[in-house]
Amino acid sequence: MMMLLWLRGVLTRRFPRVLGAAAGVAVTVALLTSMVLFLANASASMTARAVSAVPVDWQVQVISGADPEAIGKAIAEAAPIKAAHRVRYADAAGFEALAGGTTQTTGPGQVIALDEGYSKDFPAEIRLLSGSADGVLVAQQTAANLHVRPGDKVSIKRIGLPAVEVTIAGVVDLPDADSLFQAVGLPAQAAPQAPPDNVLVLPWRDWQQLFSPQAQQRPDTVRLQWHARLAHKALPSDPVQAHLSVTGAARNLEARTAGQALVADNLGSRLAAVREDALYASVLFLFLGLPGAALAIALTYAVTSSGGQRRRMEQALLRVRGATTRTILSLSAVEAAVSAIAGIAFGMGAALFFNPVSAPDRYATLRDPALLLVALLGLLLGFAAFLLPAWRDAHWITVGAAQHADSRARAPLWQRLWLDLLLLAGAGLFFWLSASTGYKIVLAPEGVAATSVDYKAFIAPALLWVGMTLLVMRLSGMMIAHNSGLLRVILTPVAGPLTPIVSAALSRQSERLTIGIAMTALAVSFAASTAIFNATYNAQARVDAELTNGSDVTIFGTSDVPAGAHLAALTALTDALAVEPMQHRFAYVGADLQDLYGIDPGRIERATTLSDAYFSGTSAAGVLGQLAATPDGVLVSEETVQDFQLQQGDTINLRLLDARDHQYHPVAFRFIGVAREFPTAPKDSFLVANAAYVARMTGSDASEYVLMRAKGNPAELARQVASVLALYPALKVSDIGQAAHLIGSSLTAVDLRGLTRIELGFSVLMAAAAAGLMLALGFAERRRAFAILDAIGARPPQLAAFVWSEGLVIIVGGLVFGLISGTLTAWMLVKLLTGVFDPPPQALSVPWLYLAIMLGLVVASVAAAVRSARPSPGLVAEQLRDL
Amino acid sequence: MSDALVLGKGLGRDFRRGVAALRDVHCRVVSGARIAMVGPSGSGKTTLLHILGGLDKPTAGTVEWPGLGPFDELRPRWIGIVFQSPSLFPALTVVQNVGLPLVLAGHPASAEPAAKALLASFGLDELGDKLPEELSGGQSQRVAMARALVMKPKLVLADEPTGQLDSITAQFFFDTVLERLEGTGTALVVATHDEAVAARMATRWTMDHGRLVSEWPRQDAA
């Protein structure tokens, strides 16, 4: 009964306090719920994206002597299979062709055959470039080596058997050659095998006819593989679970076929890489998500505590009247329960409303235990904020002391121990330690299953955040408590002639104001750091996509079908802002075949962006200038510099294919610099040279690629280009949006937009709550003081001076300190997470609009709080009676 | 007939849940009046005081201040008020609290000297740098009275100013108040349960259940 009475009284007379506490809990719960929902959705989409990018899930090599049909049956039983086809491989001693009066010969190669329906079920494995798909197909590079086209004849040097001659029907690209020709059964830590340079694809029956004898004579030179695609819809949505499921099934297959087959689990490997991406996502979640959650919890505690003085006085009155500690705690618990439950309900409801979970995962997601934990945390938070102070006061503070606010309390322990400076020093130390390792936070070496995360790196930003917050409290406390000149300067615009008395009044409320400034600064800092990091990340993601795609729209051709042949038609397109050709050749550096890009250094930047970070030791403009001034200049990779011990200006001979005699000839270049990245270039070593020089030395000025800048939407330009080039299927048109989508194995694949959208939205809410809500609750607790001012004759502008002065101190202190801290934190995060960016950013990207909106909302929330503090006409007398 | 500072005609004040704190009260406060408002608790003394001071509006009847000026200028210039419950601004010192009306009225330079002089006259000069939370109830009320007098108002309304004082201190305090107001023409209306205070006032208003049942002797006669 008593509790109900108490509750009714609290709801009737202290409703703003209950509402404020509920709002604080709601913000925390909503943020955490949104994060849980996002992570669930992101995990699901990550698995789906990774799975769709794998051309062949399993490659099962049948060991000589085993029954292929039995292996096929075992595959079908090991996992739900959507498609399974056979592929035959045969080693060849080489290929030979007569072209232009000369005989071209290659080194060893592979002759493969795909069974019926293979291309339909595995379309990503083989792409027709020219000619017909019916018949013998030659790989693009092999065609270049042999100088053959559709209709030409090629002699296959079989092993242990006479050569046979076939007629080429078409030229193909094998995009997934690395996987197609992988050596199945090698240990995981073995070095990756390079795919063969020379490949022919024969019709199934022709292969049988030509290579069955070789299989009998030299069974070690032929192989049969089953290529299988699993039923992806049956996979768990969580990448970690999916990985376990797939690898488990693969091991099951290995067990079933022990001694008869070897399994290459491409899907499992891919999911292992996604698992690493998930690890990166959790790393970023720790960096970005956890601070948001911590801020929300701190804000909730601060908001619910802002009515603490009044509650303390009420509880002191109860103690005077004989209430036991148990009774006081019970009454506090009632108020806490109402606030917490209301906050949890509203917070979760809002989160679910703004983050809809798509069916059929909805119910599974809603049953996620993490959501229950979030609800429990909200409950715990609400109770802690009410009960802890009550318990502490009941045990440690006398009734007399509880009835009075102690505005002359000594400095808190952390200040006397200089904890803020110690934490900042610690942040510097841990940051320096991370810097000394080159900021390698996540280690996932290629070919090694194990990964590691340097969790110590998180300590630096965590210490920075806490240390900066405490420093803000120290500095703002000093400014306010000592009634400094700076305080009066800040107050003068709103307090005018009342500045001395207003500043004197504020100086005795420094503890409350300091907490308000610190909470606002914390929220603004979090918002600013998240927004700057997000903007920088998005900017670099676009740079990465541009690096991959080359430009807004890129047409990828070959030496036989160069995209540059259509330059005029492409330039005429209305949406094309700039069109530039670029050579893409191959050159031997020693025995290593590398991609060679021939450019016009004076014009290339019209169609693509070259960042200083792409080049070592110099700016992009400097490199291009050097290349323009050195016709035979070449940029090489760092690895090439190391391998050949190159010095600036050294001559390096590259073997290029001459179009006149179709032979590789050495061509002298001069080493002028190192290129780390280049548009469309692979991660491996590559070369960049002057297109004019390459054309002169090779007798071919063909430009295999064309880079295009769009006036507007790149996708629209890509559609126009595809329309113009519809008759040339060998030319591949790609726009930057596709590249962004396809960047799959690096961190840019992880969609942080969802996480940062949640955080940026809540950051603004929390910044407004920290400033306005806490201010409003503080005003509500001190309504009587403002009523006294009104009663003794303060005019409305004079009352406004008092309340606006508080608001202004919160705004100025919170925003200035918050923006400084946020920028510093963002800089540190970008440095620590350098591995996330590819390439690393040269500078922070600042989202001015978002920051302006946030500042505006903070000011608006303070204005609303100030307005709420004004005594209502006619209620002054009532508020004066309010004890 | 002395000039009327405040005129209340048919004043009524109803609160929520049908509480009628005042009913048909006719009253007048003239310049230089000394009025003690007596009556049991809940009889409407504080409510009437608030209405006379312009802090509250009647729900019936009218109140005017012909001798003081327009409503917006009543406080702090012409009316000083001492409230029943502690009413010092918590974040200002005693001196700053007492001088606050002068600051609000646009005379910041004279606030501190005037405040200190008043505190000294009440024997409270040693409390100048203390905060309200460091004062006893009696000290707070005396400081509040000093604040009410600092602008030399024409009307002082005091609600139980000696309620938390012992008899000797109360007598000294009230003597000081009357002494300061002597010859100034300032009217003093005191709501009190203290018979010693009421006896020193020239006129007695008796309140009962929201009505002003008697005024004796009449102010003109006094």
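Going line by line, the protein sequences match chains A and B. Counting with our numbering, you get residues 4 to 886 for the letters of the first sequence. Counting with our numbering, you get residues 115 to 336 for the letters of the second sequence. C-beta atoms are modelled at their ideal positions from N, C-alpha and C, and glycine is treated no differently.
Query raised in the report: If we count the other Cβ atoms within 10 Å of its Cβ and call it buried at 16 or more, is residue 330 (chain B) buried or exposed?
Result: exposed
Query raised in the report: How about residue 618 (chain A) and residue 677 (chain A): are their beta carbons less than 9 angstroms apart?
Result: yes
Query raised in the report: Do we get a CB-CB distance below 9 angstroms when we pair residue 238 (chain B) with the residues of chain A?
Result: Not closer than 9 angstroms to any Cβ of chain A, the Cβ of residue 238 (chain B) fails to qualify, so no.
Requested in this report: List in chain order: all unbroken alpha helix (DSSP H) runs of 4+ residues lying wholly within the segment 797–848 of chain A.
Outcome: 799–835
Query raised in the report: What residue range is occupied by the uninterrupted beta strand (DSSP E) comprising residue 92 (chain A)?
Result: 84–102
Report task. Establish whether the CB of residue 823 (chain A) and some CB of chain B are separated by less than 9 angstroms. Result -> no
Requested in this report: Assign residue 357 (chain A) to buried or exposed, taking buried as 16 or more other Cβ atoms, counted over all protein chains shown, within 10 Å of its Cβ.
Outcome: exposed
Query raised in the report: Along the chain, where does the beta strand (DSSP E) that runs through residue 63 (chain A) open and close?
Result: Residues 61–65.
Query raised in the report: How is the alpha helix (DSSP H) around residue 707 (chain A) delimited, first residue to last?
Result: From DSSP, residue 707 (chain A) is part of no alpha helix (DSSP H); its letter is neither H nor E.
Query raised in the report: So residue 582 (chain A) and residue 738 (chain A) are in contact, right, with Cβ under 8 angstroms, and what is the actual spacing, rounded?
Result: That pair is no contact at about 14 angstroms.
Query raised in the report: Taking only beta-carbon atoms, is residue 801 (chain A) less than 9 angstroms away from chain B?
Result: yes
Report task. Measure the C-alpha to C-alpha separation of residue 824 (chain A) and residue 860 (chain A) and round it to an integer number of angstroms. Result -> 19 angstroms
**Report entry** Selection from A:624, A:499, A:784 that minimises the alpha carbon distance to residue 805 (chain A)
**Finding:** A:499
Query raised in the report: Between residue 270 (chain A) and the rest of its own chain, which residues show a CB-CB distance below 6 angstroms, the 5 nearest in sequence each way excluded?
Result: 57, 60, 249
Requested in this report: Give a yes or no on whether the C-beta atoms belonging to residue 711 (chain A) and residue 613 (chain A) are separated by under 9 angstroms.
Outcome: In this structure, residue 613 (chain A) does not lie closer than 9 angstroms to residue 711 (chain A) by Cβ.
Query raised in the report: Smallest Cα separation from residue 720 (chain A): which of A:482, A:554, A:675?
Result: A:554
Query - Closer than 7 angstroms at the beta carbon, the chain B residues around residue 512 (chain A) - result: 205
Requested in this report: Could you tell me which of A:148, A:187, A:142, A:198 sits nearest to residue 172 (chain A), measuring between CA atoms?
Outcome: A:142
Query raised in the report: Going by Cα to Cα distance, which pick from A:37, A:693, A:662 is closest to residue 600 (chain A)?
Result: A:693
Query raised in the report: Okay, do the segment 686–701 of chain A and the segment 631–642 of chain A touch, 3+ Cβ pairs below 8 angstroms being the bar?
Result: yes
Query raised in the report: If residue 292 (chain A) and residue 38 (chain A) are in contact, beta carbons under 8 angstroms, what's the gap, nearest whole angstrom?
Result: 5 angstroms
Report task. Go through its chain and collect everything with a Cβ distance to residue 218 (chain A)'s Cβ below 7 angstroms, but skip five positions before and after it. Result -> When the five nearest sequence neighbours on each side are left out, the beta carbons in the same chain lying within less than 7 angstroms of the beta carbon of residue 218 (chain A) are those of 225, in order along the chain.
Requested in this report: Give a yes or no on contact between the segment 335–346 of chain A and the segment 15–34 of chain A, applying the rule of three or more CB pairs nearer than 8 angstroms.
Outcome: yes
Requested in this report: Answer with buried or exposed for residue 735 (chain A), where buried requires no fewer than 16 other C-beta atoms within 10 angstroms of its C-beta.
Outcome: buried
Query raised in the report: What three-state label does DSSP hand residue 223 (chain A) in the structure shown?
Result: helix
Query raised in the report: By a C-beta neighbour count over all protein chains shown, 10 Å radius and 16 as the cutoff for buried, is residue 702 (chain A) buried or exposed?
Result: exposed
Requested in this report: Please name the residue, chosen from A:428, A:551, A:536, A:92, that lies closest to residue 198 (chain A) on a Cα-to-Cα basis.
Outcome: A:92
Query raised in the report: Can you tell me where the alpha helix (DSSP H) with residue 483 (chain A) in it begins and where it stops?
Result: 462–484
**Report entry** Distance between beta carbons of residue 350 (chain A) and residue 385 (chain A), contact taken as under 8 angstroms
**Finding:** Rounded, the Cβ-Cβ distance is 11 angstroms, inconsistent with contact.
Query raised in the report: Going by other Cβ atoms of all chains shown within 10 Å of its Cβ, with 16 needed for buried, is residue 409 (chain A) buried or exposed?
Result: Note that residue 409 (chain A) scores a pLDDT of 48, beneath 50, so its modelled location is shaky and nothing firm can be said.
Query raised in the report: Hey, is residue 263 (chain B)'s beta-carbon within less than 9 angstroms of any beta-carbon in chain A?
Result: no
Query raised in the report: Under 9 angstroms between the Cβ atoms of residue 302 (chain A) and residue 531 (chain A)?
Result: no
Requested in this report: Flag this pair as yes or no: are the beta carbons of residue 769 (chain A) and residue 434 (chain A) separated by less than 9 angstroms?
Outcome: no
Report task. Spell out whether any CB of chain B is found under 9 angstroms from the CB atom of residue 432 (chain A). Result -> Not one chain B Cβ lies under 9 angstroms of residue 432 (chain A).
**Report entry** Separation of residue 73 (chain A) from residue 215 (chain A), as counted between CA atoms
**Finding:** 20 angstroms
Requested in this report: Note the first and the last residue of the continuous alpha helix (DSSP H) segment covering residue 160 (chain A).
Outcome: Where residue 160 (chain A) is concerned, there is no enclosing alpha helix (DSSP H), although the beta strand (DSSP E) it sits in stretches over 156–161.
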